[in-house]
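For reference, the structure discussed in these notes is given below.
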Amino acid sequence: MSALIQHTEPAPTRLPPDWSGIGGCALPVAPGAATGLLDSHALVLTVTGPLLAEVDFTEHLCGPGTMLWIRPGQAVRFGEPPGEGRPPGEGRPPGEGQPSREGRSPGEGETATILFRRGLFGPEELPELVPDDPSGPAARPLSLPGPDALRAAFTHLSADADGDTGPVAAAMLRHQLAAVLLRLRVLEPLLDPAGHVEGRTFERFQRRLEEGYPHTRRVEDYAAELGCSVRTLTRASLALTGRTAKQVVDDRVALQARRLLAATPLSVAEVGRILGFGEPTNFGRFFHRETGLSPGQFRGRYATGPDGGIPGQRQAVD
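Residue numbers for the sequence shown follow this note's numbering, so the first one is 1221 and each next one is one higher.
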């Protein structure tokens, strides 16, 4: 059974200090701990590897010099990478390999991590980059061509975050972090330029969806708010993701349902109510359609993990 699927007590996530909103630490979730939902952004740089990271139910094996940007609200767990005598998907027994003082367990990658709170940068503050948007650079592991430069930046930023406090120090940290984020944007440019009509439409759709998915799953509502037609939203979604606008909405709701079921003690009925389902049976039908499992089966399978891993999103269908 994968260490990432092992049910243990959740580890607290360290938050950046209030005076700056930026801080350095080891891993934001202890290796081998239960899945947690991050309250802040986490830039995780693998210094020595490999490191096994599960973000929103997708496992990533990160080698040295790999950057992973984890966004607020994502379901996160770190675990032991496959090694000799331990095939992929089979992790450590409970209690084995507790985290060392460096924030890693034996056989796991050493990391440098920077945390920063959401809302730290305004929507127009960084060119071609809105940090709080769900999409952006390093959402999947990004292999750095020159990791030493970013590692040095992390070291300086962490040291400054633990130093003097005050408005001058906070401004300095913001500039240092902005330089790191913009470097990531240069290394992983936009797949669709902001000047492209469909790209702009889908970006606006995504932002509105992040606010509205607990309240409505109707594409018509989003189209009306954005001042466009359902056909326009669908065309933009297909161009950027290969999925219809309705599928993009349902994917987002199903993802949040999986996050809450896997990482919180909320009941199935409570999860359904949070996501706008008045009746638990309606939520159950929706979840089964999207994942192939009932909410209870998903939670049980995630806790015990007999085989087959974590269900992902459904395939695109007409």
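Just so you know, even glycine gets a beta-carbon here, dropped at the ideal spot from N, CA and C. The structure presented is a predicted model; accordingly, all values stated were derived computationally and were not measured.
Check: Return yes when the Cβ of residue 1370 is within less than 7 Å of the Cβ of residue 1243, no when it is not.; Outcome: no
Check: First and last residue of the alpha helix (DSSP H) that includes residue 1385?; Outcome: Run containing residue 1385: none; DSSP gives neither H nor E here.
Check: Helix, strand or coil: how does DSSP classify residue 1497 here?; Outcome: coil
Check: If you reduce the DSSP assignment to three classes, tell me which class residue 1321 lands in.; Outcome: Below a pLDDT of 50, predicted positions are generally treated as unreliable, and residue 1321, at 35, falls in that range; the measurement from the model is reported next regardless. Three-state DSSP puts residue 1321 in coil, outside helix and strand.
Check: What separation, rounded to the nearest whole angstrom, lies between the Cα atoms of residue 1425 and residue 1442?; Outcome: 7 Å
Check: Using DSSP with H/G/I as helix, E/B as strand and the rest coil, what is residue 1435?; Outcome: coil
Check: Between the alpha carbons of residue 1407 and residue 1364, how many angstroms are there, rounded?; Outcome: 8 Å
Check: Find out if the Cβ-Cβ distance for the pair residue 1257, residue 1295 is shorter than 7 Å.; Outcome: yes
Check: Taking the alpha-carbon positions, what's the residue 1263 to residue 1239 distance?; Outcome: 19 Å
Check: For residue 1445, which of 1457, 1458, 1455 and 1431 has the nearest alpha-carbon?; Outcome: 1431
Check: Nearest CA to the CA of residue 1270: which residue from 1301, 1297 and 1276?; Outcome: 1301
Check: How long is the line joining the alpha carbons of residue 1438 and residue 1289, rounded to whole angstroms?; Outcome: 30 Å
Check: Tell me the rounded alpha-carbon separation between residue 1515 and residue 1508.; Outcome: 7 Å
Check: Just how far apart, CA to CA, sit residue 1345 and residue 1367?; Outcome: 25 Å
Check: Where do the ends of the beta strand (DSSP E) carrying residue 1264 lie?; Outcome: 1261-1266
Check: So if DSSP puts residue 1289 in a beta bridge, which residue, or which two residues, is it bridged to?; Outcome: 1263
Check: With DSSP run on the structure shown, which of helix, strand or coil describes residue 1440?; Outcome: helix
Check: DSSP three-state label for residue 1518, please.; Outcome: helix
Check: Distance, Cα to Cα, residue 1291 vs residue 1338?; Outcome: 9 Å
Check: Helix, strand or coil for residue 1240? Go by DSSP, reduced to three states.; Outcome: coil
Check: Between which residues of its own chain and residue 1321 is the CB-CB distance below 6 Å, once the five residues before and five after are set aside?; Outcome: With a pLDDT of only 35 at residue 1321, under 50, the local geometry of the prediction cannot be trusted, and the value read off the model is given with reservation. There are no such residues.
Check: Hey, is residue 1423 close to the ligand PLP, as in C-beta under 6 Å from one of its heavy atoms?; Outcome: This structure lacks the ligand PLP, and indeed carries no ligand of any kind.
Check: For residue 1395, does the count of other Cβ atoms within 10 angstroms reach 16, so buried, or fall short, so exposed?; Outcome: exposed
Check: State the start and end residues of the unbroken alpha helix (DSSP H) segment that holds residue 1376.; Outcome: 1367-1381
Check: Can you tell me which of the three DSSP states residue 1458 falls into?; Outcome: helix
Check: Between which two residues does the alpha helix (DSSP H) holding residue 1273 run?; Outcome: Element bounds for residue 1273: not the alpha helix (DSSP H) but the beta strand (DSSP E), 1271-1275.
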